[in-house]
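Below is one structure; the comments refer to it alone.
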Amino acid sequence: MSDETTARSKPSGNDISTTFAKGLRVLKAFETGTAPLTLAEIARLAELDRATSRRLVLTLAHLGYVRQSGRGFTLTPKILLLAGGFLHSRQFTKRVVPVLNQHSKAIGVPIYLAVRDGFDAVYLAHAGLEEGNISYGFSVGSRLPLLQTGIGRALLVSEAPEVARELVSDAPLDAYTEHSITDRAEVARLVEEARATGYVYSDGEFEAGVVAVAMPLPRAETMGAAIGMSYARDRFEDGAYLTRVVEALRGCRQSLDGIAERL
């Protein structure tokens, strides 16, 4: 059996390193964006006992992935090495970002690309434009909820209908603004509506006063991807700007055809 076949087969319990898995849980604790974290906070977020958490954090600090300052711990830039291989192997900077830049100019707002990781949409690339970017400072690696964001729902559209229904049923559904939709049946209806129209339109559900428009890319073998943008609601009032945005995203999707399928 080849190494590739072995890697893709379902591992048995004896093949799993529980210590390594716990170490990854410690790293995920830093996704909260709260820095620095104390050992007690890391243990709580990683759902580990204090002794195990302390040992894993100090190991990560020894390896250079975590920095200690007083009682707190933060990630170091070295953590980017873990994602660098993924981005480099898919040539995001050379192949994807120029396409996003080109089509972003048509609407004056950065277009971004994301993939699904569990119940989150994860930003992998975005255009270099700065004008009009009024989001909360999202960047490559930022994670957004699937159900309450335009890009998240576009990723649901990229999935098979039965998979999308399961995700709508199981993913967290929190209220971020007074306009957040917290009825799962309504979210499911909106996903199917977007499947029919080809794009998602979300008004103020994740960021108050901000409209998000997103579109799924052709489905890759291993993962779905989507592109999107966000801007102030008043820019969309006459309907003409929405038409421009949808046309720009369609053009971007066409330009990414073939590239997205190899993500």
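The sequence shown maps to residues 1 to 263 in UniProt numbering. Ideal Cβ placement from N, Cα and C applies to all residues, glycine included.
Please determine, among the options, the residue with the shortest C-alpha to C-alpha distance to residue i.
i, options, result
"Gly224", "Leu146, Ala196, Phe236, Ile181", "Leu146"
"Val96", "Phe73, Gly152, Gly128", "Gly128"
"Gln148", "Ala51, Val211, Val99", "Val211"
"Ala248", "Ile227, Glu237, Asp238", "Ile227"
"Tyr112", "Ala240, Leu217, Ala35, Arg235", "Leu217"
"Phe20", "Ala185, Ile181, Thr59, Pro98", "Thr59"
"Glu237", "Gln254, Ser255, Asp203", "Asp203"
"Gly239", "Arg219, Cys252, Val213, Ser158", "Val213"
"Arg55", "Gly23, Leu37, Glu31, Ser69", "Gly23"
"Met215", "Ser158, Ala29, His179", "Ser158"
"His126", "Gly258, Asp234, Ser230", "Ser230"
"Glu192", "Arg67, Arg235, Ser53, Ala160", "Ala160"
"Asp120", "Leu173, Val99, Gln68", "Leu173"
"Gly258", "Arg219, Ala232, Asp170", "Arg219"
"Phe30", "Glu178, Lys94, Arg67", "Arg67"
"Ala35", "Ser69, Gly118, Lys105", "Ser69"
"Gly118", "Val163, Lys78, Ser17, Gln254", "Val163"
"Arg233", "Arg253, Ile16, His179", "His179"
"Arg253", "Ile181, Asn101, Ile79", "Asn101"
Hey, residue i and residue j are a contact pair by Cβ (cut 8 Å); roughly how many whole angstroms apart?
i, j, result
"Leu208", "Val200", "Looking at the sequence provided, one finds Ala at residue 208 rather than Leu. With 8 Å as the limit, Ala208 and Val200 do not qualify as a contact, their Cβ atoms being about 18 Å apart."
"Ala46", "Arg71", "Wrong, their Cβ atoms sit about 17 Å apart, outside the cutoff."
"residue 276", "His103", "Look at the range of the chain in this structure, 1 to 263, and you will see that residue 276 is not part of it."
"Leu256", "Val99", "6 Å"
If the criterion is Cβ atoms closer than 9 Å, does the pair residue i and residue j meet it?
i, j, result
"Val245", "Ile151", "no"
"Val115", "Leu155", "yes"
"Val168", "Arg184", "yes"
"Phe206", "Tyr241", "no"
"Leu75", "Leu39", "no"
"Val140", "Tyr123", "yes"
"Phe73", "Leu37", "yes"
"Ala61", "Thr52", "no"
"Arg235", "Leu190", "no"
Taking the DSSP output, what are the residues bridged to residue i?
i, result
"Thr74", "Arg67"
"Leu37", "Phe73"
Any C-beta of chain B sitting closer than 9 Å to the C-beta of residue i?
i, result
"Gly239", "Looking at the structure shown, chain B is missing, and only one protein chain is on hand."
Checklist entry - Can you list the alpha helix (DSSP H) stretches of 4 or more residues lying completely in the region 113-171, in chain order? => result 150-158, 161-170
Item to check | Complete beta strand (DSSP E) runs within the region 189-236 (minimum length 3 residues, chain order) | outcome: 200-203, 210-216, 225-232
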